[in-house]
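Residue numbers (my numbering): 14 to 276. Yeah, the Cβ is synthetic: ideal placement off N, Cα and C, and Gly gets one too. The structure appears below as structure tokens.
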């Protein structure tokens with residue numbers, strides 16, 4: 014059975030949320046009403062296979078069945094131009110949502126304009142059975158190349174914040190970027206622990222967690238590229254002795270079911 018089939022067969026009770034991790038910052042959320050939301054789906058292998066921790070992707074783009082696709086920013090491993098057309102082929106009614114640059118890229122990749130949405134920072138969309146709000150995850154004044162969002166998903170079960178990427182400037186003074194996220198009080202926060210610049214380490218995710226104070230924190234942006242990886246157990250160890258914030262590691266091609274009563 015393929016990974017997409019496992020996702021489709023997964024049972025999600027009312028007030029629960031299923032979270033599936035596909036490596037890097039790629040996730041699929043499944044609600045109790047069987048809505049499927051893809052986030053930063055990076056499923057191509059355009060680089061040499063030896064550059065990838067997993068030479069084969071968790072599924073082919075043409076296997077993806079989703080209702081919505083979100084991209085936090087317009088980088089290859091977050092808005093994959095080799096993945097989007099395949100998703101559109103298998104899920105022709107899917108809605109593709111992203112930054113203003115992401116919206117334009119979707120259109121160039123063949124997404125019908127009626128199915129592409131570019132969000133503004135601070136905007137909230139009311140969709141099928143959830144809401145989503147876009148927050149800057151990098152200050153545009155930093156000049157980091159393209160608009161970077163973190164998304165706050167509000168489901169009936171919980172609120173989930175995914176940062177996407179961070180930046181050197183944001184990491185030095187994270188309070189300004191994360192204050193509105195903290196005020197929204199997410200139950201789950203997903204923070205990157207390695208990646209695009211040398212200073213991004215698991216310790217940053219710890220500092221972000223101290224500001225946002227989620228019930229659960231999940232590490233992201235690892236387990237993809239050789240030489241740009243981290244051991245999630247190091248992330249786990251940082252949270253010893255920190256009450257009220259539970260670190261959760263989702264195994265590659267694994268899942269986590271959020272149940273409010275179990276937190």
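Original post:
residue 197 by DSSP, collapsed to three states: which one?
Top reply: Counting from one through the chain shown, the residue named residue 197 turns up at place 184. Looking at residue 197 - three-state DSSP - the assignment turns out to be helix.
Original post:
So residue 150 and residue 85 are in contact, right, with Cβ under 8 Å, and what is the actual spacing, rounded?
Top reply: As a position in the chain shown, residue 150 is number 137, starting the count at 1. As a position in the chain shown, residue 85 is number 72, starting the count at 1. Right, their Cβ atoms sit about 7 Å apart.
Subject >> Beta-carbon spacing of residue 268, residue 33 below 7 Å >> reply: Taking the chain shown and counting its residues from 1, one reaches residue 268 at position 255. Taking the chain shown and counting its residues from 1, one reaches residue 33 at position 20. Yes.
Subject >> Three CB pairs or more closer than 8 Å across the segment 64 to 71 and the segment 137 to 150 >> reply: The segment 64 to 71 makes no contact with the segment 137 to 150; the number of CB pairs closer than 8 Å stays below 3.
Original post:
DSSP puts residue 175 in a beta bridge; with which residues?
Top reply: Numbered from its first residue, the chain shown carries residue 175 at position 162. According to DSSP, residue 175 bridges with 164 and 203.
Original post:
According to the Cβ coordinates, are residue 90 and residue 114 closer than 7 Å?
Top reply: By 1-based counting over the chain shown, the position of residue 90 is 77. By 1-based counting over the chain shown, the position of residue 114 is 101. No, they are not a contact pair.
Original post:
Could you give the uninterrupted runs of the beta strand (DSSP E) lying entirely in the segment 51 to 95, keeping only those of 3 residues or more?
Top reply: Residue ranges of uninterrupted beta strand (DSSP E) with 3 or more members, entirely inside the segment 51 to 95 and ordered along the chain, are 81 to 83.
Original post:
Taking just the CA atoms, how far does residue 56 sit from residue 36?
Top reply: In the chain shown, residue 36 corresponds to position 23, counting from 1. In the chain shown, residue 56 corresponds to position 43, counting from 1. If I take the Cα positions, the gap works out to 9 Å.
**OP:** Have a look at residue 176 and residue 190 and give me their C-alpha separation to the nearest angstrom.
**Re:** Numbered from its first residue, the chain shown carries residue 176 at position 163. Numbered from its first residue, the chain shown carries residue 190 at position 177. Answer to the nearest angstrom: the Cα atoms are 10 Å apart.
Original post:
Around the Cβ of residue 21, are there at least 16 other Cβ atoms within 10 angstroms (buried) or fewer (exposed)?
Top reply: If you number the chain shown from 1, residue 21 lands on position 8. Its Cβ having fewer than 16 others within 10 Å, residue 21 is exposed.
Original post:
residue 244 to residue 266, Cα distance in whole Å?
Top reply: Sequence index remark: in the chain shown, residue 244 carries index 231 (1-based). Sequence index remark: in the chain shown, residue 266 carries index 253 (1-based). Approximately 16 Å, taken between the alpha carbons.
Subject >> Beta-carbon contacts of residue 130 that lie in its chain and below 8 Å, excluding the five residues immediately before and after >> reply: Within the chain shown, the letter at position 117 stands for residue 130. 108, 109, 110, 111, 116 and 138.
**OP:** Tell me where the alpha helix (DSSP H) around residue 156 begins and ends.
**Re:** The residue given as residue 156 occupies position 143 in the chain shown. Here residue 156 belongs to no alpha helix (DSSP H), and DSSP marks it neither H nor E.
Subject >> residue 225 in three-state terms, based on DSSP >> reply: Position 212 of the chain shown holds residue 225. In the structure shown, residue 225 sits in a helix (DSSP, three-state: H, G or I).
Subject >> Burial state of residue 132 (16 or more Cβ within 10 Å) >> reply: In the chain shown, residue 132 corresponds to position 119, counting from 1. Looking at its Cβ environment, which holds 16 or more other Cβ atoms inside 10 Å, residue 132 is buried.
Original post:
Excluding five sequence neighbours on each side, which residues of the same chain lie with their C-beta closer than 7 Å to the C-beta of residue 216?
Top reply: In the chain shown, residue 216 corresponds to position 203, counting from 1. Result list for residue 216: 251, in chain order.
Subject >> Spatial distance of residue 25 from residue 17 (CA atoms) >> reply: Here residue 25 refers to the residue found at position 12 of the chain shown. Here residue 17 refers to the residue found at position 4 of the chain shown. Looking at the two C-alpha atoms, the distance is approximately 15 Å.
Original post:
When burial is assigned at 16 or more other CB atoms within 10 Å of the CB, is residue 81 buried or exposed?
Top reply: Sequence index remark: in the chain shown, residue 81 carries index 68 (1-based). So residue 81 ends up on the buried side.
Original post:
Comparing alpha-carbon positions, which option in 40, 104, 169 and 45 lies nearest residue 75?
Top reply: The residue labelled residue 75 in the question sits at position 62 within the chain shown. The option with the nearest alpha carbon to residue 75 is 104.
Subject >> Exposure label - residue 59; buried when at least 16 CB within 10 Å >> reply: Residue 59 sits at position 46 when you count from the first residue of the chain shown. Looking at its Cβ environment, which holds fewer than 16 other Cβ atoms inside 10 Å, residue 59 is exposed.
Original post:
DSSP state of residue 119, grouped into three classes?
Top reply: Working through the chain shown from its first residue, we reach residue 119 at position 106. Residue state, collapsed to three classes: helix.
Subject >> Pair within 7 Å by beta-carbon distance, residue 122 and residue 100 >> reply: Translated into the one-based positions of the chain shown, residue 122 becomes position 109. Translated into the one-based positions of the chain shown, residue 100 becomes position 87. Contact: no.
**OP:** Identify the continuous alpha helix (DSSP H) that holds residue 19 and give its terminal residues.
**Re:** Residue mapping note: residue 19 aligns to position 6 of the chain shown, counting from 1. First-last of the alpha helix (DSSP H) with residue 19: 16 to 22.
Subject >> 6 Å Cβ shell around residue 158 - same chain, five flanking residues per side excluded >> reply: As a working note, residue 158 is residue 145 in the chain shown. Hits under 6 Å: none found.
Original post:
Does the Cβ of residue 163 have 16 or more other Cβ atoms within 10 Å, making it buried, or fewer, making it exposed?
Top reply: Counting from one through the chain shown, the residue named residue 163 turns up at place 150. Buried, because 16 or more other Cβ atoms sit within 10 Å of the Cβ of residue 163.
**OP:** Quick one: grab the DSSP three-state call for residue 189.
**Re:** Counting from one through the chain shown, the residue named residue 189 turns up at place 176. Three-state result, residue 189: helix.
**OP:** List the residues that DSSP assigns as beta-bridge partners of residue 258.
**Re:** Locating residue 258 in the chain shown gives position 245, where the first residue counts as 1. None, per the DSSP bridge assignment.
Original post:
What are the boundary residues of the beta strand (DSSP E) that residue 139 is part of?
Top reply: The residue given as residue 139 occupies position 126 in the chain shown. Membership of residue 139 in the beta strand (DSSP E) is indicated by the continuous run 137 to 139.
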